[in-house]
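Undergrad: Take this structure, written in structure tokens, and hold onto it; I'll ask about it next.
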Amino acid sequence: MTTGSSSTSSSSNTGRPATAGGAISTFKGQDRALHAGRLGTGGLLLSVLAATAPLMVVAGVMPTTFAVMGIVGEPLLFVILGVVLVLFSVGYAEMSRHVHNAGAFYAYVARGLGGTAGAGAAAVALVAYSALQFGIYGIFGFEVSGLFATYGHVEVAWWIPALIAVLAVGALSWLKIDVNALVLGVLLVIEVALVVIFDIAAVADPAKEGLSLHAFNPDTLTGAGVGTALCFCIAAFTGFEQAPVYAEETSRPHILVPRVMFLAIGFVAVFFALSSWALTVAAGPSGIVGAAQKQSAGLLFFLTESRLGGAFTDALHVLFVTGMFAALLSFHNVVARYAFAMGREGLLPSAFGRTTGSSGAPGTGSLLQTGVSAIVLIAFAVTDDKPTGDPTAPVLHLFTWAGNVGALGVILLMAAASVSVIVFFARRGAARAQAWRLVTSAIAAVALLVIAGYTVKDFDILVGAGPDSVLSWLLPALIAAALVVGLVQGLVLRSRKPEAHARIGLGNEAFQLDKAAESTP
12 MTTGSSSTSS
22 SSNTGRPATA
32 GGAISTFKGQ
42 DRALHAGRLG
52 TGGLLLSVLA
62 ATAPLMVVAG
72 VMPTTFAVMG
82 IVGEPLLFVI
92 LGVVLVLFSV
102 GYAEMSRHVH
112 NAGAFYAYVA
122 RGLGGTAGAG
132 AAAVALVAYS
142 ALQFGIYGIF
152 GFEVSGLFAT
162 YGHVEVAWWI
172 PALIAVLAVG
182 ALSWLKIDVN
192 ALVLGVLLVI
202 EVALVVIFDI
212 AAVADPAKEG
222 LSLHAFNPDT
232 LTGAGVGTAL
242 CFCIAAFTGF
252 EQAPVYAEET
262 SRPHILVPRV
272 MFLAIGFVAV
282 FFALSSWALT
292 VAAGPSGIVG
302 AAQKQSAGLL
312 FFLTESRLGG
322 AFTDALHVLF
332 VTGMFAALLS
342 FHNVVARYAF
352 AMGREGLLPS
362 AFGRTTGSSG
372 APGTGSLLQT
382 GVSAIVLIAF
392 AVTDDKPTGD
402 PTAPVLHLFT
412 WAGNVGALGV
422 ILLMAAASVS
432 VIVFFARRGA
442 ARAQAWRLVT
452 SAIAAVALLV
462 IAGYTVKDFD
472 ILVGAGPDSV
482 LSWLLPALIA
492 AALVVGLVQG
502 LVLRSRKPEA
512 HARIGLGNEA
522 FQLDKAAEST
532 P
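Quick note on numbering: the sequence shown equals residues 12 to 532 in the working numbering.
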């Protein structure tokens, strides 16, 4: 495996391998590395797709996009974004054949743009994926509270089931990753099956306009709201890019990771395009915007009630919650592995760079995420019903604020990774051999930066705030602040601990270099 020039500076004057502040060499081999061979194609694919939360997208994101932006052509947007993300995945997948690191995004950025940029990307990734999980905790608690009220006639504050979910997710994350994949897989398959049943029912019983393909007409994408609608829709894809995070836990990462990424993006694009089209068929292209504005997040359940009956709709409500739980577990696993990778490379305290017992799980990173999640939920719970008198305000704010902050961070990380792919191969003299991949990466980078620009520009719309609201710049500033903190940390490491800085992004490869150096007389 090509390590790049950074590995050449990894030895000290004594001839012993350099370490990240002396911390790396203190771990035993089994503590330093995630357990390989735990995930095959199926397990990896299910772990990745669970983060996309298909039912939450169909029941939540799609109606919101129809209602807020008034654009009928949402199915076409999913097709367009699918193409953009396939272009992104071409270079991203090729990079995954050369870099196997649980740090994924930041490891790629470090190997392409240098350790300081990698440190900045690491901080952004940690904040972005954590924010996405926090947002889902909020809507999870809100929905479970609603189930208790509807079916049990019991009033339960939203933060109680949310905190219980934090503990449950934290406990599951300590199990072997293949056990987690099984849990995610079962929940994912069930929720996908229910959405497919609705799609078939919608096609079998369309509105008065019949099986209209009007939603795929380019004319439906005219207007000022298209850019913002892209922001809504691209958030639905978040999760497919997580495959490289599990690279160290597969037996053949150079084969499995690219395969799973293309399978995931292909499935997500087709599934979401068809499901959003089914919504337009069920409500009618001329009526979908009005229906979404009237029903809001209840649109899917409203449409299933008349076609598939109350029992199916009740099951859909329950599976809506379990699908969110699967997404929570998936994001938690990703954040824990980012924390593990950062601890192993000196970007977090060394304790986070250890695995736990026979499960091989990044236990300390998991504990960190569990603790931070609990603190965030408690902070929002304290504001419950104050000062607006609206008991749903804190939870809905948590979902929209954190979800959009996280989505912005991931979009920027994808753009940075695309640029890193170009630099990585160009520096290694492989630009001609990888020319078409570099072209697709460049196109993807430009497209993603345009979407990021729209996201920042229209952030007040995305979070439901007024154009003059401080939130329109304060929330995106969280990603900027994370980037600055990471870059400063990278610069400090480069100045004070150059050997640690040189290893940012190397991951377990640095450990192998340590072993090789120690075995040399």
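All residues carry an ideal CB built from backbone N, CA and C; glycine is no exception.
Quick one: give me the first and last residue of the alpha helix (DSSP H) that Pro-269 is part of.
TA: 264-294
Undergrad: Taking its Cβ as the centre, do 16 or more other Cβ atoms sit within 10 Å of Ser-286, making it buried, or is it exposed?
TA: buried
Undergrad: To the nearest angstrom, report how far apart Gly-376 and Ala-293 are at their CA atoms.
TA: 45 Å
Undergrad: Please classify Pro-264 as buried or exposed, where buried requires at least 16 other C-beta atoms within 10 Å of its C-beta.
TA: buried
Undergrad: From the DSSP output, in three-state form, read off Thr-366 for me.
TA: DSSP, reduced to helix, strand and coil, places Thr-366 outside both helices and strands of the structure shown, so it counts as coil.
Undergrad: Taking Gly-250 as the reference, give the member of Thr-411, Ala-463 and Gln-144 with the closest Cα.
TA: Gln-144
Undergrad: On the DSSP bridge list, what partners appear for Ala-372?
TA: Thr-367
Undergrad: When the Cα atoms are used, what is the spatial distance from Val-300 to Leu-319?
TA: 22 Å
Undergrad: On a CA-only basis, which of Leu-359, Ala-372 and Ala-413 is nearest Ser-384? Give me that one, please.
TA: Ala-413
Undergrad: Which value, in whole angstroms, describes the spacing of the CA atoms of Leu-124 and Gln-306?
TA: 47 Å
Undergrad: Going along the chain, which unbroken runs of the alpha helix (DSSP H) with 4 or more residues stay wholly within the region 179-218?
TA: 188-215
Undergrad: Can you tell me the Cα-Cα spacing of Ser-36 and Gly-516, whole angstroms?
TA: Unreliable placement is indicated for Ser-36, whose pLDDT of 38 sits below 50; the coordinate value is still reported in the next sentence. So the two alpha carbons sit approximately 17 Å from each other.
Undergrad: Hey, could you find the ends of the alpha helix (DSSP H) Leu-50 is sitting in?
TA: Per DSSP, Leu-50 belongs to no alpha helix (DSSP H) and is neither H nor E.
Undergrad: From which residue to which residue does the alpha helix (DSSP H) around Ser-223 run?
TA: That residue, Ser-223, is in no alpha helix (DSSP H); it is neither H nor E in DSSP.
Undergrad: On the criterion of 16 or more Cβ atoms from any shown chain inside 10 Å, does Trp-447 qualify as buried, or is it exposed?
TA: Residue environment: Trp-447 is assigned as exposed (fewer than 16 neighbouring CB atoms within 10 Å of its CB, all protein chains considered).
Undergrad: Would you mind reading off the limits of the alpha helix (DSSP H) that contains Ser-107?
TA: 85-107
Undergrad: Can you tell me which of Ala-62, Ala-418, Leu-330 and Gly-364 puts its alpha carbon nearest to the alpha carbon of Phe-470?
TA: Ala-418
Undergrad: Quick one: Cα of Ala-513 to Cα of Ala-428, how far?
TA: 19 Å
Undergrad: Bridge partners of Thr-261, per DSSP?
TA: Leu-50
Undergrad: Give a yes or no on whether 9 Å exceeds the smallest Cβ distance from Thr-315 to chain D.
TA: Chain labels in this structure do not include chain D; a single protein chain is all it has.
Undergrad: Alpha helix (DSSP H) containing Asn-344: first to last residue?
TA: Asn-344 -> alpha helix (DSSP H) spans 310-355.
Undergrad: Please confirm whether Val-194 and Leu-339 have their CB atoms less than 9 Å apart.
TA: no
Undergrad: Could you spell out where the alpha helix (DSSP H) holding Arg-122 opens and where it closes?
TA: 116-124
Undergrad: Tell me the rounded alpha-carbon separation between Gly-518 and Gly-114.
TA: 8 Å
Undergrad: What is the DSSP secondary structure of Gly-152, counted as helix, strand or coil?
TA: Helix, per DSSP.
Undergrad: Distance, Cα to Cα, Gly-497 vs Asn-344?
TA: 21 Å
Undergrad: I'd like the list of long-range same chain contacts for Ala-213, defined as Cβ closer than 8 Å, with 5 residues on each side in sequence excluded.
TA: Within the same chain, Ala-213 has close Cβ partners Ala-289, Leu-290, Val-292, Ala-293, Leu-314 and Arg-318.
Undergrad: I need the straight-line Cα distance from Val-97 to Ala-128, nearest angstrom please.
TA: 25 Å
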